[in-house]
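K.L.:
All letters in the sequence shown, in the order written, are residues 92 to 282 by my numbering.
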Amino acid sequence: ALAHTPDRPVGALDILPAAERTLLLTTWNATETPYPEDLCIHQLFERQAATTPDAIALVYENQSLSYAELNARANRLAHQLITLGVVPDQLVAICVSRSPAMVVGILAILKAGGAYVPLDPAYPGEHLIHILTDANPVIVLADETGQSSLGEKVLVERQVLNPNAVFEQSKSNPQITTLTSRHLAYVIYTS
Numbered sequence: 092a093l094a095h096t097p098d099r100p101v102g103a104l105d106i107l108p109a110a111e112r113t114l115l116l117t118t119w120n121a122t123e124t125p126y127p128e129d130l131c132i133h134q135l136f137e138r139q140a141a142t143t144p145d146a147i148a149l150v151y152e153n154q155s156l157s158y159a160e161l162n163a164r165a166n167r168l169a170h171q172l173i174t175l176g177v178v179p180d181q182l183v184a185i186c187v188s189r190s191p192a193m194v195v196g197i198l199a200i201l202k203a204g205g206a207y208v209p210l211d212p213a214y215p216g217e218h219l220i221h222i223l224t225d226a227n228p229v230i231v232l233a234d235e236t237g238q239s240s241l242g243e244k245v246l247v248e249r250q251v252l253n254p255n256a257v258f259e260q261s262k263s264n265p266q267i268t269t270l271t272s273r274h275l276a277y278v279i280y281t282s
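1. With C-beta atoms as the reference, is R164 less than 7 Å away from Q260?
2. Using a threshold of 6 Å, is the CB atom of L210 nearer than that to any non-hydrogen atom of the ligand SAM?
3. May I ask you to list the residues that DSSP assigns as paired with P209?
4. Counting along the chain, where does the beta strand (DSSP E) carrying A203 start and finish?
5. Using the C-alpha atoms, what's the distance from R112 back to D105?
6. Just how far apart, CA to CA, sit N255 and W119?
7. Going by C-alpha distance, which of V101, Y207 and L241 is nearest P215?
8. How would you label P228, buried or exposed, when you count the other beta carbons within 10 angstroms and need 16 or more for buried?
9. Here's a check: name, in chain order, each residue in its chain whose Cβ is nearer than 8 Å to the Cβ of G176, leaving out the five neighbours to either side.
10. So I173 is in the alpha helix (DSSP H); what residue range does that whole segment cover?
11. Put S155 into one of helix, strand or coil per three-state DSSP.
12. Between L114 and E123, what straight-line distance do the alpha-carbon atoms span, to the nearest angstrom?
13. Quick check: D234 and A192, are their CB atoms within less than 7 Å of each other?
14. Quick one: Cα of V245 to Cα of I220, how far?
15. Would you say the segment 262 to 270 touches the segment 194 to 211, given that touching needs at least three Cβ pairs under 8 Å?
16. Write down the C-beta distance between V231 and V257 rounded to the nearest angstrom, noting that I regard them as a contact closer than 8 Å.
17. Once DSSP output is grouped into helix, strand and coil, what is the label at L130?
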């Protein structure tokens, strides 16, 4: 394209084939598509899991999880969170490395009715401690990386669950009758 129109600014060049351009700008960007606003995001995920349970929902490195597997893992953790007292709008921190545990943890928090507070284990410890102190989450989900980043001194004062653990809980979808799409989903601290 540049060879045919050398005077044209680079930003104005069509570098994508027409089919790929349509896919990126129209098909995958259908922002006008209506969706049920009365449902929570995890309920939409549960619908998809019921519709296509064997389809691949998550791929990370050499691991893959079907919708049914991801939903079951998130449900077990969600039931554990509910058992520990998580209710709608309560904050639950999550400090994990990028992995399936991150997706499982976030889904589980939402399914339990909680609002997740993401903590990046790569951030300086002082920043993470500030967020934990300010947010005061009822529970912290942390894998080995997250626990190492937060430190034992901080975690000894909090209830900590590793989202990679296998919880002996139901794999059925939790039913929180008081939970609506108007409840908190997350609280993000910016720098």
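Note that CB positions come from ideal geometry on N, CA and C, so glycine has one too. These numbers come from a predicted model, not from an experiment.
P.N.:
Put simply:
1. no
2. Questions concerning the ligand SAM fall outside what the structure shown contains, since it holds no ligand whatsoever.
3. I185
4. It is not in any beta strand (DSSP E) - A203 instead sits in the alpha helix (DSSP H) that spans P191 to A203.
5. 9 Å
6. 32 Å
7. L241
8. buried
9. V229
10. Y158 to T174
11. strand
12. 15 Å
13. yes
14. 7 Å
15. yes
16. V231 to V257, Cβ: 19 Å. No contact.
17. coil
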